[in-house]
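The sequence shown begins at 371 in the numbering used here and counts up by one.
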Amino acid sequence: MYLSGLDITLPARRMTTQQAIEAREYDVPNAERDGYFSAAIEDELYPADMGLLAAQKALAESGHAPEQVATLSYASIHRHGHARLWSPAAYLQHQLKVDHALPVSIQHGCNGGFLALKLMAPHIQADRVGLLVTADRFSESGFNRWLGDYGLIYGDAAVAATVSAQSGFAKILHFDICSLPALERLHRLPLPSPETTDSYLSEYDIRQTKKSFLEAFSREGFVQPIQQALTRLRHSLLNQYNLSERPARWLIPPFVGNSIREETYEAYFGDLATHNAWQFGREIGHTGASDGLLGLHLLRQSGQLQSKDRVLVISAGAGFSCSVVLLEMQ
């Protein structure tokens with residue numbers, strides 16, 4: 371498979387960590403530990419419309435006609451701003467006039483985009499293409515982008531990519547996913563609770579669910595499964611491509627803070643690339659399911675990729691699951 375079109379919607383506004391500290395939305399210990407400089411803030415567009423703009427540009431780059439889109443997947447982790455039963459994927463299908471595409475909305479953590487890519491792969495044949503859209507906006511919600519989670523801050527962004535079986539600007543050389551269902555408890559309290567007028571406060575409290583998990587299973591119960599999954603993904607990658615001797619040019623890790631990223635994703639894959647795209651993450655924040663393809667677009671946009679360069683993308687998210695994608699620029 372190939373990526374034949376790629377674009378983003380990324381707000382221009384940044385709130386620096388220093389500004390957030392002065393506004394008492396963030397604190398110095400977390401800022402020093404996790405290494406962020408700022409977060410991207412979207413003030414007007416809601417996620418699906420951010421995704422729509424990105425999708426229009428990605429389709430234009432690819433040159434694919436609407437009738438060639440066989441499947442459209444929309445992945446997100448946060449609220450979309452409309453009634454709960456509304457489908458963002460169907461909205462994009464309507465707006466883009468891809469009436470014959472199979473629309474699927476996925477909310478499966480920050481690895482949701484690559485899970486969606488795996489599911490759409492069988493539909494991408496001959497001149498039939500897939501359209502993948504990821505989008506999240508954390509403004510104007512009950513979620514605290516600065517202190518709502520451990521080890522990361524959240525930024526607003528959307529990404530869209532067209533995926534072709536025939537040609538594109540980047541070839542997918544390797545794509546592997548490892549699922550860790552034992553860690554689903556990381557984002558769940560032991561008992562369900564009824565909905566109330568303020569239940570969103572507990573539903574958005576990721577720290578509470580993670581604290582509950584750590585109290586029950588210890589930090590080892592969290593770290594060990596992830597390390598095992600990353601080890602398996604690394605071995606699978608190296609069995610096909612000897613990146614130890616010929617490293618990729620770029621590593622795009624999840625845009626999580628230093629306290630998480632350095633001991634997991636970079637510890638297992640950092641030696642397999644000569645450059646690291648964390649430079650973008652520290653300015654934007656963690657963008658839900660968009661980090662990997664967002665980083666790829668920013669590398670292309672800044673002229674830091676050439677033909678035959680290889681890019682190693684690592685993704686992970688609630689569920690729990692991890693993905694490894696190796697791309698080669700054409």
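We put the beta carbon where it would ideally sit given N, CA and C, even for glycine. Just so you know, these numbers come straight off a predicted model, no measurement behind them.
Element boundaries [beta strand (DSSP E), containing residue i]
i      : result
Met385 : 384–386
Arg619 : 618–622
Val398 : Taken as a continuous stretch (DSSP letters only), Val398 belongs to no beta strand (DSSP E), being part of the alpha helix (DSSP H) at 398–404.
8 Å Cβ cutoff met for residue i and residue j
i      : j      : result
Ser685 : Asn400 : no
Gly662 : Val683 : yes
Ala530 : Ala425 : yes
Ala409 : Ile576 : no
Met420 : Ala528 : yes
Pro473 : Ala459 : yes
Ala659 : Ala445 : yes
Ala382 : Ala505 : no
Ser511 : Ser374 : no
Through-space distance from residue j to residue i, alpha-carbon basis
i      : j      : result
Leu522 : Ala390 : 14 Å
Leu608 : Glu431 : 32 Å
Asp519 : Lys581 : 10 Å
Cys692 : Leu600 : 8 Å
Gly405 : Gln438 : 43 Å
Glu590 : Tyr574 : 25 Å
Glu392 : Val626 : 22 Å
Ile494 : Thr532 : 10 Å
Ser672 : Leu666 : 10 Å
Lys467 : Gly689 : 32 Å
Residue i: first and last residue of the uninterrupted alpha helix (DSSP H) it sits in
i      : result
Trp648 : 648–654
Which of helix, strand or coil DSSP assigns to residue i
i      : result
Ile630 : helix
Ile596 : helix
Glu412 : coil
Leu422 : helix
Met699 : strand
Thr379 : strand
Phe545 : strand
Thr567 : coil
Arg680 : strand
Leu455 : coil
Ala643 : strand
Gly662 : helix
Leu487 : helix
His434 : coil
Ala471 : coil
Beta-carbon separation (whole angstroms), residue i vs residue j, contact threshold 8 Å
i      : j      : result
Leu422 : Leu487 : In fact, because the Cβ distance is near 19 Å, the residues do not count as touching under 8 Å.
Leu697 : Ile447 : 23 Å between Cβ atoms; not a contact.
Tyr619 : Thr657 : Note that residue 619 is Arg in the sequence shown, not Tyr. Their Cβ separation, rounded to whole angstroms, is 22 Å, which puts Arg619 and Thr657 out of contact at 8 Å.
Leu675 : Leu669 : 5 Å
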